[in-house]
Structures are given as C-alpha cells and as structure tokens.
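Written out below as structure tokens is the structure these notes cover.
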Amino acid sequence: MKRQLTGEGERGAVSLFVVIFTALIVTVMTVSFIRLMIDGQRSASDADLSRSALDSAQAGVEDAKRALVKYRSCLSGSSDPTTCASLVATLPTDKSCQVLQNSGIVGAPADKEVIIKQSDGDEKLQQAYTCVKVEINSDDYIGTIDQDKSRIIPLRGVSEFNQIRIKWFTIDDLANPEDRIDLPALSSDPSAGFELPKQADWPSNQPALMRTQLIQYGDSFTLDQFDKSEGGDSNSNTLFLYPDQVGAKSYSFLSDGRRSASSGLLRSVTCDPNFSKETSATTGRQYACETIITLPKAIGASSEKQRTAYLNLMGLYRSSNNFKIELLNSSGGVTSAPNVVKFGGVQAVVDSTGRANDKFRRVESRVELDANTFQYPTSTSNTSAGFCKNFFVTDAAAEYVKGDDDC
Numbered sequence: 016m017k018r019q020l021t022g023e024g025e026r027g028a029v030s031l032f033v034v035i036f037t038a039l040i041v042t043v044m045t046v047s048f049i050r051l052m053i054d055g056q057r058s059a060s061d062a063d064l065s066r067s068a069l070d071s072a073q074a075g076v077e078d079a080k081r082a083l084v085k086y087r088s089c090l091s092g093s094s095d096p097t098t099c100a101s102l103v104a105t106l107p108t109d110k111s112c113q114v115l116q117n118s119g120i121v122g123a124p125a126d127k128e129v130i131i132k133q134s135d136g137d138e139k140l141q142q143a144y145t146c147v148k149v150e151i152n153s154d155d156y157i158g159t160i161d162q163d164k165s166r167i168i169p170l171r172g173v174s175e176f177n178q179i180r181i182k183w184f185t186i187d188d189l190a191n192p193e194d195r196i197d198l199p200a201l202s203s204d205p206s207a208g209f210e211l212p213k214q215a216d217w218p219s220n221q222p223a224l225m226r227t228q229l230i231q232y233g234d235s236f237t238l239d240q241f242d243k244s245e246g247g248d249s250n251s252n253t254l255f256l257y258p259d260q261v262g263a264k265s266y267s268f269l270s271d272g273r274r275s276a277s278s279g280l281l282r283s284v285t286c287d288p289n290f291s292k293e294t295s296a297t298t299g300r301q302y303a304c305e306t307i308i309t310l311p312k313a314i315g316a317s318s319e320k321q322r323t324a325y326l327n328l329m330g331l332y333r334s335s336n337n338f339k340i341e342l343l344n345s346s347g348g349v350t351s352a353p354n355v356v357k358f359g360g361v362q363a364v365v366d367s368t369g370r371a372n373d374k375f376r377r378v379e380s381r382v383e384l385d386a387n388t389f390q391y392p393t394s395t396s397n398t399s400a401g402f403c404k405n406f407f408v409t410d411a412a413a414e415y416v417k418g419d420d421d422c
C-alpha cells in the first residue's frame, strides 16, 4: 500500500534543508572569521618579531661602532696599549661572524651569538645578533649630500691610484619611484659655454650638477704651490659635471675650465636616459650617471703614492643626492679596464644579522672612520688689492649702520 506525502511532510523536509544550509553557512563564516583572526595575530606577531630582529641587528652595528672608535683611539696612542693589543690585531683581519667577541668588545670568543639584554631576565625575550662582520677597507665610498652642501672625502687607498670613478643619482632620488629620469636636450654644448637654468626651472627628476674639487699635496709642499699648475702636476682643480644625454666617459682634472679662457666650465657626463625603477631592476644599474676622472700628480710628490688628497663634492640644484666614489688604478694602459683600489680606513662596512626568536634580519651600514669635522667654506673672496674687515658685537640693531667703512 503506497503512502502519499502530504503538504505538512513536504514543508518539514524543506525546513530541514534550510536548517542544514543555514548551519553550514554559519559554520563557514565562523571558521573564516577564526582563520582571519589567527592570520592577523600571526601577521602581527611576525611583524613584531621582524622589528625586534632588526633592533638586534642594529645593536650589532652599534657594538661594531664602539669597536671602531676604540680601534682608532688605539692607533692614535690615546688608549692603554695592553687593552688595545687584541683589538688592533683582530679587527682589521678577522672576517668571521664573531669578530667582536674575538677582539674583546663583547662576550667571549666561544660565544656564537650575543644576547641583547639590559637587565636580568631579558634573555627570555630571545633577542640576539648572530653575526657581525667588519670591513675597515671598503671597495667604495657611498653617501648622500644635501643641496649646496660640501662633502669632504679623503682619497686614501690601500695602494697607488690615479683615477676616481664618480656615480650619482639612484632610484631613491626620483620624485616618484615609478617615474623616469628627466634629461632635457641642450641647445648647445655645455663645455663650450652654456647659461645655467634657474633653480625653479631645473626638472625634479634631473640629476644634480656635481661640483668636484680636488685638493691634494705631495710629500714636500708650500702654500704658494696650492693654485699653481706645473706641467702635468697640480694641487687644486675643479670640474663641474653636467648630467646630459650625451657626454664623455672620462675627464682629467687638468681640464679645469677655470684655468683656460678657451673652454667653458661645464663638463657633460652621459646619464642613462631610460633610467627608472624598472630598467634598474633588469640591468642591475644602480646609478644613472657615471664618469671617470684622472688625477694629476701632486706638486712636490715623488710618486703617485706620495700624495694626501681630498675630494670636495657638492650637489647643485637638487635637495638630495646619492653618490658613490671608487678609486682606480689605470696602470694597465688604455686597452685594459682600470683596477679598483680599496679605500684605506676611510669608511668601514658593517654587516650585521640579528634575530628575535626564529626571525632574522640583516643590515649593512657604513661608518665614517675619518669624519671631517672641519667646516670647509663653500665660497671665498679673492682680490689683488688690500682686504679689510670690520667686526663688532652689539645687541642693538640700531647700532649697526650698513655701508660704513672704517678701514
């Protein structure tokens, strides 16, 4: 005997399906919400551990700075020789991750890592730096200079050099990281005479005009030789490097336009007209502009090695200018590429790896070893006649009369 479903039975089945479907939706929403909470908590925890690991790496850099300061103090003889022996013998040559422990700055040589703590119990935070490497003699010198500010860079190599390579303008210098470099075409050759634009007319994505001034002297030197040029020898030269679409790959400081009325002051340097974040990633090129400058022999120097030289670098028109300087030796001739000469104790490279629990961060820092505290003048007054100055101190503006000449 067959039974026929009634309306009440059909409605009961539909209700059952609605309940099951609703329960599934609520379950999915609950599981999704819990998963989002767990992912958010994990992301927050990872971010916190990552910041803590970075702090640990920075702590390694600071300890390396302490080691470098003490190292310089030991070399100058202002520290106790008995405490300097290990540091002076270890820091320049030890390439291991435990150079700070081996040189006696922190911990013990057997320590594989240095725990970061300020008080008892801090070791439970599981923060430490696991590897710190210090390179006193760097392959290059990198830095940033503000607009119209001078940067004095000691040109001191571990061996002889006769050229420098200057690179400037990175992706970080672009007004917008997605922009491209801006190199307006010039109506005339800047080296033959060119009227510079006003500050407001300089494109925001055009590299800076770099003023490069060489200051050097030999092992025998008198002040009257400073501005002289004797044959191929010179102690002071300045080149103004103009970023251009077409320019020379190399110059000599002896081509200083100030010493010749027949040539202009500017020297065009070829910059990559397609330089951008995208092209930098594919080509590996970090700087848009690059040129090589040959250094003359210093007056009174018996050889290329017998020189004390400085580079006074200034970026014009731009507020921020990233640059790199390399020392070169071209003794191999024009047919071979010049050899890179390391800087000798000018800018140290500190490579530090820190951890927080199982998260690791690694940083590389540059530390000035020969920081120049002397404020080099950005301009001078030159006269062939007498020169007079009046100085007086007052706290009343009315006492200062502009234009009075008491000399």
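Residue numbering for the sequence shown follows the numbering used here, beginning at 16 and increasing consecutively.
Note that beta-carbon positions come from the ideal geometry of N, C-alpha and C, so glycine has one too.
Under the criterion of beta carbons closer than 8 Å, Asp78 and Val121 qualify as touching, at roughly 6 Å. For the options Arg370, Leu31, Gln301 and Arg333, the alpha carbon positioned closest to that of Thr185 is the one of Gln301. By the CB criterion at 9 Å, Val103 and Cys89 fall inside the cutoff. For Thr159, the closest C-alpha among the options Glu383, Thr323, Glu150 and Phe290 is that of Glu383. Taking 4 residues as the minimum length, the segment 245–275 contains no alpha helix (DSSP H) run wholly inside it.
Counting only the Cα atoms, Ser345 lies some 40 Å from Gln116. When DSSP reads this structure, Glu341 sits in a beta bridge with Arg180.
Within the model, the alpha-carbon separation for Gly315 versus Gln73 is close to 45 Å. Asp410 carries a coil assignment under DSSP once its states are collapsed to helix, strand and coil. Contact annotation, Asp163 with Leu328: C-beta distance approximately 12 Å; criterion of less than 8 Å not satisfied. Short of 8 Å from the beta carbon of Gly247, and not among the five residues preceding or following it, lie these beta carbons of its own chain, in chain order: Leu269, Pro311 and Lys312. Non-local beta-carbon contacts of Arg377 in its own chain, meaning distances under 6 Å to residues more than five positions away in sequence, involve Thr368 in chain order.
Contact check for Ser101 against Gly75 fails: the beta carbons are separated by 9 Å or more.
Its chain contains Pro205, Leu224, Leu281 and Ser283 as the residues whose beta carbon lies nearer than 6 Å to that of Tyr257, once the 5 sequence neighbours on both sides are disregarded; these appear in chain order. Note on Asn372: under 16 other CB atoms within 10 angstroms of its CB, so exposed under the neighbour-count rule.
In the displayed model, Lys374 falls within a strand according to three-state DSSP. Judged by DSSP secondary structure, Cys99 falls within the alpha helix (DSSP H) whose first and last residues are Pro96 to Thr105. With 16 or more other Cβ atoms from the protein chains shown falling within 10 Å of its own Cβ, Ala303 counts as buried. DSSP places Thr298 in the uninterrupted alpha helix (DSSP H) bounded by Lys292 to Thr298. Excluding residues up to 5 positions away in sequence, Ile196 and Ala303 lie with their Cβ nearer than 6 Å to the Cβ of Phe290 in the same chain. Nearest in C-alpha terms to Asn220, of all of Ile308, Asn336, Arg66 and Lys80, is Asn336. Looking from the CA of Glu341, the closest CA among Asn191, Thr306 and Gln321 belongs to Thr306. With a beta-carbon spacing of about 4 Å, Ala324 and Leu170 fall inside the 8 Å limit used to define contacts. Closest option to Glu319, judged by alpha-carbon separation, among Lys292, Asn250, Gly360 and Ala363: Asn250. Residue environment: Lys85 is assigned as buried (16 or more neighbouring CB atoms within 10 Å of its CB, all protein chains considered).
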